[in-house]
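Participant:
Residue numbers (the UniProt record's numbering): 1 to 448.
1) Would you say the beta carbon of residue 148 comes nearer than 7 Å to a heavy atom of the ligand PLP?
2) Got a sec? Which residues, its chain only, sit under 7 Å from residue 67 by beta carbon, not counting five neighbours each side?
3) In whole angstroms, what separates the C-alpha of residue 177 from that of residue 150?
4) Pairing CB atoms from the segment 127-144 with CB atoms from the segment 266-280, are three or more of them under 8 Å?
5) How far does the beta strand (DSSP E) with residue 21 in it extend, from its first residue to its last?
6) Near residue 175, what residues of its chain come up, given a Cβ to Cβ distance below 6 Å and the 5 sequence neighbours on each side ignored?
7) Is residue 291 near residue 254, with beta carbons less than 8 Å apart?
8) Leaving out five residues before and five after residue 271 in sequence, what residues of the same chain have Cβ atoms less than 6 Å from its Cβ?
9) Alpha carbon to alpha carbon, how far is residue 227 from residue 75? Give it in angstroms, no decimals.
10) Does residue 164 pass the burial test, meaning 16 or more other C-beta atoms within 10 Å, or should it be called exposed?
11) Using C-beta distances below 8 Å, list every residue in its chain close to residue 145, excluding the 5 sequence neighbours before and after it, in chain order.
12) Could you have a look at residue 234 and say whether DSSP puts it in helix, strand or coil?
13) Per DSSP, residue 298 forms a beta bridge with which residues?
14) Nearest-angstrom Cα distance between residue 155 and residue 173?
15) Going along the chain, which residues of its own chain have a beta-carbon closer than 8 Å to the beta-carbon of residue 266, five neighbours each way excluded?
16) For residue 76, list the residues DSSP reports as bridge partners.
17) Does the segment 55-74 come close enough to the segment 280-289 that 3 or more CB-CB pairs lie under 8 Å?
18) Along the chain, where does the alpha helix (DSSP H) containing residue 137 start, and where does it finish?
19) Do residue 79 and residue 47 have their beta-carbon atoms positioned less than 8 Å apart in this structure?
20) Could you tell me the boundaries of the beta strand (DSSP E) in which residue 101 lies?
21) Quick one: what's got a C-beta closer than 6 Å to residue 160's C-beta in the same chain, skipping five residues either side?
22) Taking the beta carbon of residue 171 as the centre, do at least 16 other beta carbons fall within 10 Å, making it buried, or is it exposed?
23) Classify residue 224 as helix, strand or coil using the three-state DSSP reduction.
24) For a quick check, are the C-beta atoms of residue 312 and residue 338 less than 8 Å apart?
25) May I ask which residues mark the beginning and end of the alpha helix (DSSP H) holding residue 169?
26) Cutting at 7 Å between CB atoms, please list the residues of its own chain near residue 424, excluding the five before and the five after it.
27) Runs of 4 residues minimum, wholly inside the segment 321-353: which ones carry the alpha helix (DSSP H) assignment?
28) For the alpha helix (DSSP H) containing residue 38, list its first residue and its last residue.
29) Among 320, 330, 315, 327, which one has its Cα closest to the Cα of residue 341?
30) When the Cα atoms are used, what is the spatial distance from residue 344 to residue 354?
31) If we ignore side chains and look at the alpha-carbon of each, how far apart do residue 58 and residue 9 end up?
32) Please classify residue 89 as buried or exposed, where buried requires at least 16 neighbouring CB atoms within 10 angstroms.
33) With DSSP as the reference, please indicate the residues paired to residue 29 in a beta bridge.
34) Determine the direct distance from the alpha carbon of residue 398 to that of residue 19, and round the result to whole angstroms.
35) Just mark residue 5 as buried or exposed, buried being the case when its beta carbon has 16 or more other beta carbons within 10 Å.
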């Protein structure tokens, strides 16, 4: 079994949908999980463009073409029977000469709890300004400005790249304001089908449409009365809904679908977008009058690459929090590796850094910049990036799974994995896998 076949064997055992394409975008491989998720046969996917399944927004596609990794971009995937909202990450795979040779796509279903996160926390904001960590002067001035405008009734427009913490700022503003004891209701305009946005925002009366609840249903604006409504990804809102939203801002009233009554709502509106809304206005995708109504108090959150002095602080914070949550040891980071982390641009911003630290804690080490025992070229984080760490994580999970199946019998496990005993020992040492942990695990399982 060669290395490529070995990696493919690992991918087939990962509980996430995975597709691999060439740089031309045509699918070269897909695992069973992906096929089961979307109801396709392998022959229907292989050799066809990945765009048959989904398409990234143009701005994201341009980043991918430049060799950048894409972290958890929400898209609609075309399943056999319908469209499903998924998080899709993409990681360019580089060869020994650092040429981009393939792209690995990882499909992760957006759980209902995340799409309706405000229901989980009972319409309460959980983030506060003391959870925003920074020693960057300009960023701290931004926090100061956000605190100063917290009690204002004027609308706020928060802009910034994906992963910069727009909702963290929105929740913190709410919790710092005189509305802190009232509802904080969040809705993601890009995560809800266009046909449902109107009923989600404004509610409906009994019999308004087929399938409507007998008693009707209040919309998000009614639920948020007295508090704050957070309109995330406002740039994705359909044009006709923008007109209705403008009326709410100007008149402070809403009417349910199928109803005549106008309800007065006292709501502080905070909107957010990772798009340049001025450009969207010029393209005719976003109403100019709505943009100016929303952009009364603008907050532009800088990307992590613009405040690199915060990276060590954030690493320490995530290391402490995640290691406690996972009940795993924190990782010591050498100055050399910290320099590489500082040099990296972090296109996924704080969210990508958090994911990187969590994967590293699971692995038990930070990826190095040397060639490993299997000849896989690792030239430092800038070239190595996130995708190979993801493969390491997958490999570790697969090895643990096989070792458990064979009760840590090295010979049988190595044979099942298609590698030699010595190679398996090296990988166990590399990933910090200890068979005594399995014995303890087995005892715990028996005592349940």
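Glycine included, each C-beta is placed from N, C-alpha and C at the ideal position.
Facilitator: So, from the listed chains and residues:
1) Annotation note on the ligand PLP: not contained in the displayed structure, which lists no ligands.
2) Non-local beta-carbon contacts of residue 67 in its own chain, meaning distances under 7 Å to residues more than five positions away in sequence, involve 92, 100 in chain order.
3) Going by the C-alpha atoms only, they are around 5 Å apart.
4) The segment 127-144, when compared against the segment 266-280, does not touch it at the 8 Å Cβ threshold.
5) Start and end: 17-22.
6) Cβ within range, chain order: 125, 128.
7) In this structure, residue 254 does not lie closer than 8 Å to residue 291 by Cβ.
8) Apart from the 5 residues on each side of it in sequence, residue 271 sits with its Cβ closer than 6 Å to the Cβ of 157, 231, 234, 294 in its chain, given in chain order.
9) The alpha-carbon of residue 75 is positioned some 30 Å away from that of residue 227.
10) Here residue 164 is buried, its C-beta having at least 16 other C-beta atoms within 10 Å.
11) Closer than 8 Å at the Cβ level, and outside the excluded window around residue 145, lie 299.
12) Helix at residue 234.
13) In the DSSP output, where bridge partners are listed per residue, residue 298 has 157.
14) Across the structure, residue 155 and residue 173 are spaced so that their CA atoms are roughly 12 Å apart.
15) When the five nearest sequence neighbours on each side are left out, the beta carbons in the same chain lying within less than 8 Å of the beta carbon of residue 266 are those of 225, 226, 252, in order along the chain.
16) 85, per the DSSP bridge assignment.
17) In short, these stretches do not touch, since the Cβ pair count stays below three.
18) Annotation: the continuous alpha helix (DSSP H) that includes residue 137 extends over 137-148.
19) No, the Cβ-Cβ distance between residue 47 and residue 79 is not below 8 Å.
20) Residues 100-109.
21) Taking C-beta separations shorter than 6 Å and ignoring five residues to either side along the sequence, the partners of residue 160 in its chain run 166, 301, following chain order.
22) Residue 171 comes out buried.
23) Residue state, collapsed to three classes: coil.
24) Inclusion of residue 312 and residue 338 in the CB contact set at 8 Å is warranted, their separation being smaller than that value.
25) Unbroken alpha helix (DSSP H) run through residue 169: 166-176.
26) Within the same chain, residue 424 has close Cβ partners 410, 413, 414, 417.
27) Runs of the alpha helix (DSSP H) inside the segment 321-353: 335-343.
28) Segment 32-38, the alpha helix (DSSP H) holding residue 38.
29) Nearest option by C-alpha distance: 315.
30) Approximately 14 Å, taken between the alpha carbons.
31) Taking the Cα positions, residue 58 is about 33 Å away from residue 9.
32) By the neighbour-count rule (16 or more Cβ atoms within 10 Å), residue 89 is buried.
33) DSSP lists 20 as partners of residue 29.
34) Distance from the CA atom of residue 19 to the CA atom of residue 398, rounded to whole angstroms, is 18 Å.
35) Exposed, because fewer than 16 other Cβ atoms sit within 10 Å of the Cβ of residue 5.
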